[in-house]
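*Asks:* Before we start, here is the structure in question, set down as structure tokens.
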Amino acid sequence: MNEFLNNLNPYPFERMAVLLDGVTSEQNVPLIAWSLGEPKHPAPDFLVDAFRDEERVRRGFGTYPPTKGLPELRQAIASFITTRYRLHTDLDPEREVLPVNGTREALFAFAQVVLDPADPGLTLMPNPFYQIYEGAAILAGSKPHFLNCTEETGFLPDLDAVSEETWRDCKLIYICSPGNPTGAVMPEDEIRKLIDRANQYDFVIASDECYSELYMDEDNPPPGLLQVASAMGQAGYKNCIAFNSLSKRSNLPGLRSGYVAGDADIMERFLKYRTYHGSAMPVHHQFASIDAWQDESHVIENRHIYRRKFESVTSILNEFWPVSTPPAGFYLWPETPVADTDFTVRLIEKANLKVLPGSFLSRETADGNPGQNRVRIALVATLEECEEAATRLRDNWAAIIA
């Protein structure tokens, strides 16, 4: 057995199940889950209709899917990235783009490719973080190194606080912008600074951009890694790899469709790994993905729905609990007046609401646990359910924090 498996930490929802085991609600009302970041908006009709196309579906069922993806899908992704991120030159769909079965498996597999077993070094990541980063590093033999993201740092890694020794030992860094769970957006100057560090110390940047299309200001979409590299004149995107998917953008978490894009040399090695790994997106999923990446109207409407939920929910919560709307994503990340685990238990007991303790998304460091006494609230339910949840919080607040 792989000995590194023993070093994996329980997944946040495993810890959640233990925390809530035997906990029941005093309220005779339906459970509202604000805990899981699973989009609940309806999938766009035109994408559902794509699976009614008999010719496409039959072709998908009767074809071994190419690991590299259909040329039409790679082109659709390349066009999306080039336009969305205002690249100075078109992304090459042949060498710089690879479709993947959602970014979760790709973010994990990527570490197994870029980390050298003989010298795995450090893998840097934000703290709090998406736990796949940590597991990917551990199973590749690398040591996770956590960069605390606190209110004082704008909920972003403080790159200037990283020591030169740490940069020298770094082989891979995961960044997440917009952030999960904070919704913080890394500014262009910070991304530029990180690319400069990667060039200087020769490590790889894996940029998780899965929340990139959910933002509050329609005129200011979050910048991306390839966008900044292109603006810097780094046409080959050396050491820069971006990850994104249709899960949040198009409300298609079950389609398992995303992309990896960037440095062609790294992409070539990642394709080789995936060829042996056997990870290929079904052809009929690829057809639907082409349609999704080529349409923006449903994405604009999706953003509009989330903005309405943020506006409504925060207006209720701010009557009794200071809560800030993030610049992007679909999470709230508020401080709790009691321990985050106690708060989570009491929410079930007093209001039948489920949230995720922030400490479950973070690790203890010399400077503390940046998720402690915070909770992640995922505004993925309907507007009506989110308003109902916020109202329950308000009506039971005194009992929750007692």
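First residue of the sequence shown: 59, per this note's numbering; consecutive thereafter. Idealized CB from N, CA, C, for every residue including glycine.
Does the beta-carbon of Y293 have 16 or more other beta-carbons within 10 angstroms, so that it is buried, or is it exposed?
*Replies:* In the sequence on display, residue 293 carries Ala and not Tyr. Answer is exposed; the Cβ neighbour count stays below 16.
*Asks:* Under three-state DSSP, which class holds Y295?
*Replies:* coil
*Asks:* What does a CB cutoff of less than 6 angstroms around F368 pick up in its chain, not counting 5 residues either side in sequence?
*Replies:* T383
*Asks:* Reducing DSSP to helix, strand and coil, say where L180 ends up.
*Replies:* strand
*Asks:* If you follow the beta strand (DSSP E) that N98 is part of, which residue opens it and which one closes it?
*Replies:* According to the sequence as given, residue 98 is Lys; it is not Asn. K98 -> no beta strand (DSSP E), and no H or E assigned at all.
*Asks:* Using 8 angstroms as the threshold, is the C-beta distance between K408 and A448 below it?
*Replies:* no
*Asks:* Can you tell me the Cβ-Cβ gap for N431 and T394, rounded? I've got them flagged as a contact below 8 angstroms.
*Replies:* 5 angstroms
*Asks:* Among G120, R116, K126, P428, which one has its Cα closest to the Cα of K330?
*Replies:* Selected option, being the one with the closest Cα: K126.
*Asks:* Anyone know if the C-beta pair for T141 and D266 falls short of 8 angstroms?
*Replies:* No. Outside cutoff.
*Asks:* Got a sec: is the Cβ-Cβ distance from S373 to anything in chain C below 8 angstroms?
*Replies:* Protein chains in the displayed structure number just one, and chain C is not present.
*Asks:* Considering only their Cβ atoms, is the gap separating P178 from G28 smaller than 8 angstroms?
*Replies:* Outside the displayed span of the chain (59 to 460) sits residue 28, for which this structure offers no information.
*Asks:* Is the beta carbon of N238 sitting closer than 8 angstroms to the one on Y269?
*Replies:* Yes, the pair counts as a contact, with Cβ atoms nearer than the cut-off.
*Asks:* In the DSSP assignment, find the unbroken alpha helix (DSSP H) run with F401 in it and report its ends.
*Replies:* 398-409
*Asks:* Using DSSP's beta-bridge definition, name the partner residues of L173.
*Replies:* Answer is none; L173 lacks a bridge partner.
*Asks:* Among all the DSSP beta bridges, which residues are the ones paired with R432?
*Replies:* DSSP output for R432 lists E393 as bridge partner(s).
*Asks:* According to the neighbour-count rule (16 or more other Cβ atoms, all chains shown, within 10 Å of its Cβ), is P428 buried or exposed?
*Replies:* buried
*Asks:* Can you tell which of F109, P97, V403 has its C-alpha closest to the C-alpha of F388?
*Replies:* P97
*Asks:* Given H146, which residues of its chain have a CB within under 6 angstroms of its CB, disregarding the five upstream and five downstream residues?
*Replies:* S288
*Asks:* Check each candidate in P385, G416, N376 and name the one with the smallest Cα separation from P279.
*Replies:* P385
*Asks:* Report the option in T333, Q285, Q133, L94 whose CA atom is closest to the CA atom of P70.
*Replies:* L94
*Asks:* With DSSP as the reference, label S265 as helix, strand or coil.
*Replies:* strand
*Asks:* Between which two residues does the beta strand (DSSP E) carrying K367 extend?
*Replies:* No beta strand (DSSP E) holds K367; the alpha helix (DSSP H) holding it covers 355-375.
*Asks:* Write down the C-beta distance between N360 and H99 rounded to the nearest angstrom, noting that I regard them as a contact closer than 8 angstroms.
*Replies:* 6 angstroms
*Asks:* Who pairs with P415 in a beta bridge, going by DSSP?
*Replies:* V433
*Asks:* Nearest by alpha-carbon distance to D33: which of R327, R250, A134 is it?
*Replies:* Outside the displayed range of the chain (59 to 460) lies residue 33, so it cannot be described from this structure.
*Asks:* Would you kindly report the start and end of the unbroken alpha helix (DSSP H) that includes G193?
*Replies:* Note, G193: alpha helix (DSSP H), 189-197.
*Asks:* With C-beta atoms as the reference, is V262 less than 8 angstroms away from I324?
*Replies:* Yes. Within cutoff.
*Asks:* Rounded to a whole number of angstroms, what is the C-alpha to C-alpha distance between P124 and Y143?
*Replies:* 27 angstroms
*Asks:* Report the residue ranges of all alpha helix (DSSP H) runs contained in full by the segment 193-265; include only those spanning at least 4 residues, in chain order.
*Replies:* 222-227, 246-259
*Asks:* In or out: F378 buried (at least 16 other Cβ within 10 Å) or exposed?
*Replies:* exposed
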